[in-house]
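Inspection log for the structure reproduced underneath, given as structure tokens.
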Amino acid sequence: MTLDELHSLCDPEVLALIDAHAGDDPAAFALRFHGRGDLPVRAMAEQIACRKKAAVKLPSLSRFPLLYTRLGLEQASGERAAEWKASLMPGRRAIDLTGGLGIDTLFIARRFDEVVSCERDKVLARLAEANRRAMGIANVETRIGDSEEMLAGYADDSFDWLLVDPARREHGGRSAGLVASSPNVVLLHDLMLRKARRVCIKASPALEISGLETQLPSLFEVIVLSVDGECKEVLLLLDREHVAGKRPGIRAVCLGDEPFVIASSGDEPPARVVAETPGAWLYEPDAAIIKARLTGELARQLHLEFLNRTVDYLTSDRLVERFPGRRFRIEECRPFRPKSFRKELAELGITNAAVQRRDFPLSVEELRKRYKIGESSERYLFFTKNATGGLVWLSCRKA
1 MTLDELHSLC
11 DPEVLALIDA
21 HAGDDPAAFA
31 LRFHGRGDLP
41 VRAMAEQIAC
51 RKKAAVKLPS
61 LSRFPLLYTR
71 LGLEQASGER
81 AAEWKASLMP
91 GRRAIDLTGG
101 LGIDTLFIAR
111 RFDEVVSCER
121 DKVLARLAEA
131 NRRAMGIANV
141 ETRIGDSEEM
151 LAGYADDSFD
161 WLLVDPARRE
171 HGGRSAGLVA
181 SSPNVVLLHD
191 LMLRKARRVC
201 IKASPALEIS
211 GLETQLPSLF
221 EVIVLSVDGE
231 CKEVLLLLDR
241 EHVAGKRPGI
251 RAVCLGDEPF
261 VIASSGDEPP
271 ARVVAETPGA
281 WLYEPDAAII
291 KARLTGELAR
301 QLHLEFLNRT
311 VDYLTSDRLV
321 ERFPGRRFRI
331 EECRPFRPKS
341 FRKELAELGI
351 TNAAVQRRDF
361 PLSVEELRKR
371 YKIGESSERY
381 LFFTKNATGG
391 LVWLSCRKA
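Using the UniProt record's numbering, the first residue of the sequence shown is number 1, and each one after it goes up by one.
Right, dumping it as structure tokens:
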């Protein structure tokens, strides 16, 4: 998108035409209006495509006539994650070093008197500014340019909170590491904490969370955030008053039908209690809990046992009604015998199933191909190890 296209998109007549064709196929719209030099047809088709995605990702915000870019919408926080993240950050003045499409800024602005939004991309900055006007948000100052240079120009203690969502690209590919991020939050650690007492770094869900305190001495908490079972963000919270060397707390936040939060209860995780044999129920914790390595804490709280010593499958003879994750009724649990497995499937009438494996020598693709297992959402086959390390398979139904 260009600045000229953005200016045209802000025209009420153009917005009305986009509204009128919101249900159209974007390609068909572009073809229909091809040659209309008075309209930014390409940019309008992009808005139609983005609005369909925004209706899912940003359900309440999409009721406003907001503008998007494909990449900006893809990289933006989802509405539920952005709203929850903003709830962590009380204060009077905040700065967002990586404004982007401005979704995080919209929610932060509801909680602060003043917000500064920095963005090096002029088009994206002006687009986010237009969206804030459309929503009647007037307490955000937009600054365009290099965020590191702009931050350095502020007096110390200018902000209560600083938010940064560093780009995670290295040599054209994706990188989850902090050092490879832009801006480099490891190098900026001291500067950020001079300008704001607390910092929230939005990191990749693929980030390895162990040992981060060696790179970020002021790290006091790691929060792994999921939405509807999918891990979306790893939030790193820094506080200049944090004692360097002290292990940060870890929390998993699962935003589903009913939000669930679990935190580490000590420096060492609870001992892993392994069931001698699987119970009647199999449990797979939410992705945020697994990522945060809090399955042991969850098992302790809910009085569950592990299926084996290596994976995050839990089991019990009783059904846990509000389990943060997926629950399955175990119908069969048998040793995995490669030579007789196909015959066992035939005897049980199993031809199709969803297939999962953890700590198992064969991949899902190999299992499907070798044993002719079709797709299905009615039955689940789990391939893993038992308490003694033997290979087993379980046939289950989702609760």
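Don't be surprised by glycine CBs; every beta carbon is placed ideally from N, CA and C.
When beta bridges are read from the DSSP output, Lys246 appears opposite no residue. Under the DSSP definition of a beta bridge, Leu282 partners with Thr315 and Phe328.
Look at the UniProt domain "THUMP-like" (325-398) and you find these whole runs of beta strand (DSSP E), each 3 residues long or longer: 325-335, 354-357, 380-385 and 391-398. Counting every other CB atom within 10 Å of its CB across the protein chains shown gives His34 a total below 16, marking it as exposed. For Val179, no beta strand (DSSP E) run applies, since DSSP gives it neither H nor E. With a beta-carbon spacing of about 6 Å, His21 and Ile48 fall inside the 8 Å limit used to define contacts. Using a Cβ distance threshold of 7 Å, Ala128 and Phe159 do not count as a contacting pair. Residue Arg247 holds the alpha-carbon nearest to the alpha-carbon of Ser218 among Ser210, Arg247 and Lys202. Ile289 sits in a helix when the DSSP states are folded into three classes. Restricting attention to Pro12, Ala30 and Asn352, the CA atom closest to the CA of Ser377 is found in Asn352. Counting along the chain, Arg133 sits inside the alpha helix (DSSP H) bounded by residues Lys122 to Ala134.
Beta bridge pairing from DSSP links Arg93 with Glu114. Between Arg329 and Arg397, the gap from beta carbon to beta carbon is short of 7 Å. For Thr310, same chain residues with a beta-carbon under 6 Å away, outside a window of 5 residues either side, are Asp359 in chain order.
For Thr142, the enclosing beta strand (DSSP E) stretches over residues Val140 to Ile144. Beta-bridge partners assigned by DSSP to Val261: Val253. The beta strand (DSSP E) runs of length 3 or more contained entirely in the stretch 188-212 are, from start to end of the chain, 196-203. Within its own chain, the residues whose Cβ lies closer than 8 Å to the Cβ of Leu298, once the five positions on either side in sequence are excluded, are Ile262, Pro285, Ile289, Leu304, Leu314 and Pro324, listed in chain order. Within the model, the alpha-carbon separation for Asp157 versus Glu241 is close to 13 Å.
Here the C-alpha atom of Ile144 lies approximately 54 Å from the C-alpha atom of Lys369. When rounded, the separation of the alpha-carbon atoms in Lys202 and Arg300 is 29 Å. A straight line joining the alpha-carbon of Arg318 with that of Gly245 spans about 42 Å. By the C-beta density criterion, Arg379 is buried, having at least 16 other C-beta atoms within 10 angstroms. Pairwise C-beta distances place the stretch 381-394 in contact with the stretch 271-279, as three or more of them are shorter than 8 Å. Annotated as proximal: Ser395 and Glu331, with beta-carbon spacing under 7 Å.
Secondary structure note for Glu230: it is in no alpha helix (DSSP H), and the uninterrupted beta strand (DSSP E) holding it is Glu230 to Asp239.
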